[in-house]
Amino acid sequence: MKIRIEGLLPAPLKERLHGRSQVWGQSYTFESGRFYQVYSPSGRGKSTFLHILYGIRKDYEGAVFINEKPVQSMPAQEWAVLRQKHLSIVFQDLRLLLHLTAWENLQLKAALQPMDADKIVAMAEYLGVKHLLHRQVALLSYGERQRIAIIRALIQPFEMLLLDEPFSHLDEENIKLAGQLILSRCKEQNAGFIMASLGYDYQMTFHEKLLLG
Amino acid sequence: MTPLYPSILRRNILKLVFRAFRGGHVWIAIIGYAAGLCLVLLMLQLYMTMQEVFESGKASNYLIITKEVTLFNTATGMAGGFSQEEIEDLQAQPFVKEVGPFESNHFAAWTYGNETIPLRTELFFEAVPDHLLDVDPPGWNWREGDEFVPVVVSKEFLNLYNFGYALAKGLPQITPGLIAMAPPLPTKLYGPRGQVIVKMKVVGFSERIPSILVPMSFMRWANERLAGITAGENPPARLLVRVTNSGDPLLLDYLKQKRWEVNRSQLQAGRLGALAVVAMSAIGFVGIAFMVLAFLVFVLTFRSILLEKRTEVELLLLLGYEQRFIERHFVREFARMLLLVLLLVAAGLAAGGYFFARRMETYAFDIDTVLHPLVPLVALLLIGFTLLLNAWALRRTIHKMNV
Chain X
410 MKIRIEGLLP
420 APLKERLHGR
430 SQVWGQSYTF
440 ESGRFYQVYS
450 PSGRGKSTFL
460 HILYGIRKDY
470 EGAVFINEKP
480 VQSMPAQEWA
490 VLRQKHLSIV
500 FQDLRLLLHL
510 TAWENLQLKA
520 ALQPMDADKI
530 VAMAEYLGVK
540 HLLHRQVALL
550 SYGERQRIAI
560 IRALIQPFEM
570 LLLDEPFSHL
580 DEENIKLAGQ
590 LILSRCKEQN
600 AGFIMASLGY
610 DYQMTFHEKL
620 LLG
Chain B
341 MTPLYPSILR
351 RNILKLVFRA
361 FRGGHVWIAI
371 IGYAAGLCLV
381 LLMLQLYMTM
391 QEVFESGKAS
401 NYLIITKEVT
411 LFNTATGMAG
421 GFSQEEIEDL
431 QAQPFVKEVG
441 PFESNHFAAW
451 TYGNETIPLR
461 TELFFEAVPD
471 HLLDVDPPGW
481 NWREGDEFVP
491 VVVSKEFLNL
501 YNFGYALAKG
511 LPQITPGLIA
521 MAPPLPTKLY
531 GPRGQVIVKM
541 KVVGFSERIP
551 SILVPMSFMR
561 WANERLAGIT
571 AGENPPARLL
581 VRVTNSGDPL
591 LLDYLKQKRW
601 EVNRSQLQAG
611 RLGALAVVAM
621 SAIGFVGIAF
631 MVLAFLVFVL
641 TFRSILLEKR
651 TEVELLLLLG
661 YEQRFIERHF
671 VREFARMLLL
681 VLLLVAAGLA
691 AGGYFFARRM
701 ETYAFDIDTV
711 LHPLVPLVAL
721 LLIGFTLLLN
731 AWALRRTIHK
741 MNV
């Protein structure tokens with residue numbers, strides 16, 4: 410999968426832009442199999458950038474192409490297919506349904522592109538949340554929820570994974586485990602990821618590091 | 341045994357996400373909508389029934405018109421008949437469908453009675469055009485040489501006999517069936533041109549015409565034979581008139597202006613009918629207003645549910661669920677609510693129909709309580725329209741979420 414941006418500039422950031430950004434206003438192509446970090450201090454549009462790539466925000470100038478298809482005019486049906494099979498995401502605000510259990514939240518994804526229950530449980534075990542799977546998400550800590558959200562993103566097949574500050578509430582040990590799990594799932598499918606962060610490396614190696622702004 | 345970590349099928353996902361779908365306000369909306377719809381449909385049914393009653397002439401759309409009997413008539417011995425011009429003028433009125441002049445006998449008649457009907461009396465007869473009779477007795481087409489002359493008697497006469505004459509004289513009461521089985525009554529008819537003895541047999545009872553009726557063919561034959569009077573020679577004294585609506589004010593004005601007389605109760609029935617239609621329309625309008633309000637509550641309730649579940653719907657779209665998949669779920673839920681409405685309406689109509697039939701029975705009103713085909717049709721149309729409108733609104737709401 411290739412995600413190409415062309416003079417991309419979100420409407421709310423237009424006035425605050427300065428010349429140093431390697432993303433805003435630039436042309437760049439993200440490819441599967443490569444790991445990207447997009448970093449900046451808070452408030453420079455990291456989430457906005459990932460939301461634009463994921464088709465949630467449409468208030469920008471310039472263009473985004475996925476496999477050379479302009480996304481702005483992509484019909485809802487095509488987005489659904491992309492999000493089921495090709496493009497996955499971990500939201501900064503996680504977006505879990507609090508009244509459901511962790512397991513039920515994971516099944517929301519598994520019902521679309523079935524994955525063996527054992528495999529899902531194994532991932533949960535690896536991240537140390539297996540014993541929490543039948544608990545209501547509302548009763549979990551933010552760090553626990555974050556790990557559930559990461560597992561949910563890894564259930565589906567993907568070629569590119571978007572990670573929006575995915576480790577913000579994890580301790581070092583858990584960051585290491587989560588990082589390893591993400592890497593192994595990416596390598597398994599020859600997929601890539603774009604991680605938005607404040608700039609920490611989280612003991613991971615990236616092919617590219619881009620300053621957002 | 342259910343597995344510890346059960347996979348959830350895609351078709352069950354939405355049930356999981358949107359569980360606890362029906363709250364109290366949904367029930368209120370369902371019941372309110374059903375009540376409004378029921379009211380409108382009941383009014384429609386009643387209206388159609390009334391329409392049928394008036395159309396079929398069960399109510400008095402048949403009037404018998406006579407001229408006022410004045411002292412002049414008494415003094416001169418001349419009956420006030422209707423001239424040909426008067427009949428034609430009446431015929432030309434927009435509220436008149438048909439005019440049938442009565443023909444009277446111009447000869448005397450005496451019946452000797454028999455064992456079943458021990459009635460010795462002088463008689464008179466009248467005849468009206470056959471198709472204006474409300475009964476169609478066998479053998480009504482009389483021809484010279486027939487075994488007996490068929491007679492249709494007013495139901496009132498039978499009542500008078502049974503509850504008046506027979507009781508007073510200690511005679512047995514008789515049923516219509518018994519009369520039909522009774523042997524014909526020998527009757528002497530005599531006039532200026534001679535006399536003849538015929539057998540007369542009661543073959544039916546009329547609720548419409550208070551008279552003793554014989555076939556027109558017999559009346560003309562006897563008048564000619566016994567009195568030498570041909571048909572149309574004498575102006576008819578009574579007219580049987582079929583009108584479009586006996587409550588029509590134009591009709592009432594016309595009769596008043598001509599100073600002709602008509603049975604008041606017949607007119608009253610027509611006016612009551614017209615009043616009932618007006619009252620029903622008013623209730624129908626209230627019903628429609630009620631239904632529109634209930635419909636709005638219904639639709640808004642559904643929208644509010646959708647907006648309450650906005651987070652869930654948006655998340656599902658973000659995870660890659662198709663809009664159509666989610667829409668279908670809501671449309672199905674909505675259809676289920678409408679099915680409930682439909683069931684409630686059916687129950688309401690059945691209860692209403694039963695109640696109505698019972699009430700009508702106590703008034704000895706023989707009315708069909710079978711559902712008019714228009715009623716379920718209108719119900720289905722309204723429900724279908726509601727479903728379509730909501731499916732459309734639903735699609736718009738989900739599209740607007742724009743994720």
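Protein sequences appear in the order of chains X and B.
Using my numbering, the final residue of the first sequence is 622, and nothing's skipped along the way.
Using my numbering, the final residue of the second sequence is 743, and nothing's skipped along the way.
Glycine residues also receive a C-beta, built at the ideal position from the N, C-alpha and C atoms.
Please go through the same chain and pick out, in chain order, the residues whose beta-carbon is closer than 8 angstroms to the beta-carbon of residue i, but skip the five residues on each side of it.
i        : result
X:Gln522 : Gln493, Lys494, Ile564, Gln565 and Pro566
X:Leu536 : Arg556, Ile559, Ile560, Asn583, Leu586, Ala587 and Leu590
B:Gln535 : Lys528, Leu529 and Leu566
Apart from the five residues on each side of it in sequence, which residues of its chain come closer than 7 angstroms, Cβ to Cβ, to residue i?
i        : result
B:Lys398 : Summary for B:Lys398: the model assigns pLDDT 49, below 50, so the residue's position carries little reliability; its value from the coordinates is reported in the next sentence. Excluding sequence neighbours, B:Lys398 sits near nothing in its chain.
B:Tyr594 : Gln433
B:Ser551 : Glu466 and Ser494
X:Gly608 : Tyr448
B:Glu564 : Thr570
Measuring CB to CB, does residue i end up less than 7 angstroms from residue j?
i        : j        : result
X:Ile414 : X:Val473 : yes
B:Val492 : B:Ser423 : no
B:Pro575 : B:Gly421 : yes
X:Arg453 : X:Leu621 : yes
X:Asp573 : X:Phe500 : yes
B:Ser347 : X:Ala526 : yes
X:Ala511 : X:Leu542 : yes
B:Ile404 : B:Met677 : no
Given this structure, state the Cα-to-Cα distance separating residue i from residue j, to the nearest angstrom.
i        : j        : result
B:Leu384 : B:Lys539 : 51 angstroms
B:Val715 : B:Leu381 : 6 angstroms
B:Gly724 : B:Tyr402 : 42 angstroms
X:His460 : X:Leu570 : 12 angstroms
X:Gly434 : X:Pro575 : 25 angstroms
B:Ser444 : B:Asp429 : 22 angstroms
B:Met556 : B:Leu529 : 16 angstroms
B:Gln513 : B:Phe497 : 13 angstroms
B:Leu717 : B:Gly364 : 30 angstroms
B:Glu667 : B:Met700 : 48 angstroms
X:Tyr551 : X:His578 : 7 angstroms
B:Leu727 : X:Val530 : 42 angstroms
B:His739 : X:Glu487 : 14 angstroms
B:Asp588 : B:Phe442 : 24 angstroms
X:Arg594 : X:Arg554 : 20 angstroms
B:Thr406 : B:Ile427 : 12 angstroms
B:Gly510 : B:Leu553 : 27 angstroms
B:Ala675 : X:Leu417 : 45 angstroms
B:Met741 : B:Thr389 : 50 angstroms
B:Tyr373 : B:Ala619 : 23 angstroms
X:Lys539 : X:Ala533 : 5 angstroms
B:Leu680 : B:Trp367 : 10 angstroms
X:Val432 : B:Phe358 : 40 angstroms
Which residues mark the beginning and the end of the alpha helix (DSSP H) in which residue i is found?
i        : result
B:Arg582 : That residue, B:Arg582, is in no alpha helix (DSSP H); its beta strand (DSSP E) goes Arg578 to Val583.
B:Pro516 : Pro516 to Met521
X:Ser550 : Element bounds for X:Ser550: n/a, residue is neither H nor E.
B:Ser557 : Met556 to Ala562
X:Trp395 : The structure shown does not extend to residue 395 of chain X, since chain X is modelled only from 410 through 622, so no value can be given for it.
B:Gly724 : Leu714 to Met741
X:Asp527 : Ala526 to Tyr535
Output needed for residue i: all residues of its chain with C-beta closer than 6 angstroms, excluding positions within five of it in sequence on either side, in chain order.
i        : result
X:Pro450 : none
B:Leu377 : Met631 and Val685
B:Gln431 : Val439
B:Phe435 : Val583, Thr584, Asp588, Leu590 and Leu591
B:Gly624 : Met383
Just reading off the beta strand (DSSP E) that residue i is part of, what are its end residues?
i        : result
X:Phe439 : Ser436 to Glu440
X:Trp512 : Note, X:Trp512: premise wrong, no beta strand (DSSP E); alpha helix (DSSP H) at Ala511 to Ala519.
B:Glu438 : Val436 to Pro441
B:Gly744 : Here chain B has residues from 341 to 743 only, and residue 744 of chain B is not among them.
X:Tyr469 : Tyr469 to Ile475
Inset, instruction - Give a yes or no on contact between the stretch 520 to 527 of chain B and the stretch 446 to 457 of chain B, applying the rule of three or more CB pairs nearer than 8 angstroms. - result: Counting Cβ pairs under 8 angstroms, three or more are found: they touch.
Legend entry - Any 3 or more C-beta pairs closer than 8 angstroms across the stretch 670 to 683 of chain B and the stretch 499 to 507 of chain X: Result no; under three Cβ-Cβ pairs closer than 8 angstroms.
Inset, instruction - Taking 8 angstroms as the threshold, find out whether the stretch 457 to 471 of chain X comes into contact with the stretch 616 to 636 of chain B through three or more Cβ pairs. - result: They do not touch, by the three-pair rule.
Inset, instruction - Kindly confirm or deny that the stretch 476 to 496 of chain B and the stretch 583 to 603 of chain B touch, where touching means at least three C-beta pairs closer than 8 angstroms. - result: Touching, no, given that fewer than three Cβ pairs across the two stretches are closer than 8 angstroms.
Legend entry - Segment contact flag, the stretch 611 to 621 of chain B with the stretch 461 to 479 of chain B, C-beta cutoff 8 angstroms, min 3 pairs: Touching, no.
Inset, instruction - Please determine if the stretch 686 to 705 of chain B and the stretch 654 to 667 of chain B are in contact, where contact requires at least 3 C-beta pairs separated by less than 8 angstroms. - result: The stretch 686 to 705 of chain B vs the stretch 654 to 667 of chain B: no contact.
Inset, instruction - Say whether the stretch 603 to 621 of chain X touches the stretch 442 to 454 of chain X, bearing in mind that this needs 3 or more beta-carbon pairs closer than 8 angstroms, one atom from each stretch. - result: The stretch 603 to 621 of chain X is in contact with the stretch 442 to 454 of chain X.
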